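Counted from 1, the sequence shown has number 1616 at position 159 by our numbering; the numbering is strictly sequential.
For glycine and all other residues, C-beta sits at the position ideal for the given N, C-alpha and C.
Being a predicted model, the structure only gives us computed values, none of them experimental.
What follows is one structure encoded as structure tokens, with my remarks underneath.
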Amino acid sequence: MLKRFFSYFIPVMVYQKKSEINKNLEVTWNNGQLVLDSKNTNYSYGSLQRILRKGLQYIGFERIRNFEQILVLGVAGGSVIKTLAEEIKCKGHITGVEIDPAVIAIANEYFGLDRIPNVEIIIDDAFEFILKTKNRYDLIIIDIFQDLTMPNFLFEEFFIHRINYLLRKEGFILFNTMTLTPEHTQRNLDYRSKFDSDYSVRMYPKVEDHNELYTIKKLR
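This is how it looks when you write it as structure tokens:
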């Protein structure tokens, strides 16, 4: 508990690991909270949990509570899954897809991800998973980063169309993006333009400084 106390004054690292996917993973006490960070950004808990929680608020906790199937692409430490299960009290099945097994090992040991009921964690590439899955989902959360970088495929039409196909009518996509350059801003504008009148698209800029959130509802 001393580490937690001192973390209100200075971050206190408790574990560090490199993996084939992530060059640096750090579990740190920060302001009394255990967080998971990469080299340059927060991966789980901390600011990321606040960002995704805001997105879920925009969709509506009461609505989410009744969803039967939820897909999380990019699990990291599992903070959004904890928000769904423990705060929103979602009783539906949550499938989390994470490419880095080292991250899931950390999530289980330090954040108790494996103790949350109704959760299935799959180690796989998100792109490969969405090609294989036969399920349809009420909510798809996309939160895929490698440090400060977002894979290009997230913004390509094939991936967007496949995600849309997997989404049930009246379902939602929650997409967390990072805008650090003018090119990123234009990329996000182009992304928004790829949805037709079958979808209701809302963008929430400047969430925790550099993040833009999208909520996308499938109308028909």
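Does the Cβ of residue i have 16 or more other Cβ atoms within 10 Å, making it buried, or fewer, making it exposed?
{"i": "ASN1633", "result": "buried"}
{"i": "THR1552", "result": "buried"}
{"i": "VAL1471", "result": "exposed"}
{"i": "SER1650", "result": "exposed"}
{"i": "TYR1467", "result": "Just to set this straight, residue 1467 is Ile in the shown sequence, not Tyr. Result: exposed."}
{"i": "ASP1600", "result": "buried"}
{"i": "GLU1544", "result": "exposed"}
{"i": "SER1654", "result": "exposed"}
{"i": "GLY1517", "result": "exposed"}
{"i": "TYR1594", "result": "buried"}
{"i": "GLY1534", "result": "buried"}
{"i": "ASN1499", "result": "buried"}
{"i": "LEU1646", "result": "exposed"}
{"i": "MET1607", "result": "buried"}
{"i": "GLY1569", "result": "exposed"}
{"i": "LEU1637", "result": "exposed"}
{"i": "LEU1482", "result": "buried"}
{"i": "GLN1473", "result": "exposed"}
{"i": "GLY1489", "result": "exposed"}
Quick one: what's got a C-beta closer than 8 Å to residue i's C-beta in the same chain, skipping five residues either side?
{"i": "ILE1417", "result": "Residue 1417 is absent from the structure shown; the chain starts at 1458 and stops at 1677."}
{"i": "PHE1586", "result": "LEU1530, VAL1554 and ILE1579"}
{"i": "ILE1508", "result": "ASN1633, VAL1664, GLU1665, ASN1668 and LEU1670"}
{"i": "LYS1546", "result": "ARG1522"}
I'd like to know if residue i contacts chain C, where contact means its C-beta is closer than 7 Å to some C-beta of that chain.
{"i": "GLY1531", "result": "Any reference to chain C falls outside this structure, which holds one protein chain only."}
Whose C-beta lies closer than 6 Å to the C-beta of residue i among residues of the same chain, with five residues either side of it excluded?
{"i": "ARG1510", "result": "THR1540"}
{"i": "TRP1486", "result": "LYS1460, ARG1461, SER1464 and VAL1469"}
{"i": "VAL1658", "result": "ARG1649, PHE1652 and ILE1673"}
Quick one: measure Cβ to Cβ for residue i and residue j, integer angstroms, because I've assumed they're closer than 8 Å.
{"i": "ILE1597", "j": "LEU1528", "result": "5 Å"}
{"i": "LYS1626", "j": "TYR1656", "result": "In fact, because the Cβ distance is near 11 Å, the residues do not count as touching under 8 Å."}
{"i": "TYR1502", "j": "SER1476", "result": "Actually they are not in contact, since the Cβ atoms of TYR1502 and SER1476 sit about 19 Å apart, beyond 8 Å."}
Can you name, in chain order, every residue of its own chain whose Cβ lies under 7 Å from the Cβ of residue i, other than the five neighbours on each side?
{"i": "GLU1614", "result": "LYS1651"}
{"i": "ILE1620", "result": "ILE1587, ILE1597 and ILE1630"}
{"i": "ILE1617", "result": "LYS1651"}
Would you check if the region 1561 to 1575 and the region 1482 to 1497 touch, i.e. whether three or more CB-CB distances between them fall below 8 Å?
yes
Which runs of the alpha helix (DSSP H) at least 4 residues long sit entirely within the region 1500 to 1572? Give them in chain order.
1503 to 1516, 1518 to 1522, 1536 to 1539 and 1558 to 1568
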